[in-house]
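Q: Going by the working numbering, the sequence shown opens with residue 11, and the numbers climb by one from there.
What follows is a single structure, and I will ask about it in a moment.
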Amino acid sequence: MRTRRSYFPPTATIPRRSRKQTTNVVEPEFCTIVEMADNRTMAQMLQAPIEGYEDTIVVPPINANNFELKQTLINLVQSNQFTGRQDPHNHLCFFNKVTSTFRHPEVPNTTIKLLLFPFSLKEKHGYG
């Protein structure tokens with residue numbers, strides 16, 4: 011009967027690590043302090059740039075002589091006001107359908123939409 015030891019001759023044994031290990035001490039390298047080119051914080055860097063942007067949506071001036079928004083159109087827009095809990099895509103689809111039914115020859119459709127959009131929002135979001 012052969013034992014495990016007989017398979018490995020004494021010259022082929024694997025040397026074991028010594029129990030006392032040496033610790034490698036790394037000396038820190040002192041280098042000169044280099045100033046950063048941009049000394050802003052991360053919060054400041056993540057803010058969107060505001061140079062060249064207007065504060066709010068500005069409705070262009072209307073040059074039509076007899077233009078007015080009909081009360082029925084305002085009521086129709088207010089019948090489906092956005093509260094923040096509905097799907098915004100569905101709200102915009104409904105708003106586009108309603109505003110596309112009203113046309114005035116001297117006023118662009120985008121101006122009509124800009125005038126009517128605040129009425130499509132609830133009190134917290136718009137005029138409602």
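All C-beta atoms, glycine included, are put in the ideal place defined by N, C-alpha and C.
As the structure is a computational prediction, the values presented were derived from the model and not from experiment.
Per DSSP, which one or two residues make a beta bridge with L131?
A: Bridge partners of L131: F92.
Q: Return the bridge partner residues of V117 from the DSSP annotation.
A: Bridge partners of V117: H114.
Q: What did DSSP end up calling G138 once you bin it into helix, strand or coil?
A: Legend: pLDDT at G138 = 45, less than 50; position of this residue unreliable, value from coordinates given subsequently. Of the three classes helix, strand and coil, the one that applies to G138 here is coil, per DSSP.
Q: Give me the Cα-Cα distance between A53 and I60, rounded to the nearest whole angstrom.
A: Cα to Cα, A53 sits roughly 15 Å from I60.
Q: What distance in whole Å lies between the Cβ atoms of A74 and V6, which are believed to be in contact at a cut-off of 8 Å?
A: As displayed, the chain neither begins before 11 nor continues past 138, which places residue 6 out of reach and without an answer.
Q: Which residues bound the alpha helix (DSSP H) around L56?
A: Taken as a continuous stretch (DSSP letters only), the alpha helix (DSSP H) holding L56 covers M52 to L56.
Q: Would you check if the distance between the CB atom of F127 and the CB atom of F105 is smaller than 9 Å?
A: For F127 and F105, yes; Cβs fall inside 9 Å.
Q: Quick check: what's the CA-CA separation for N90 versus H101?
A: Using only the alpha carbons, I get a separation of about 8 Å.
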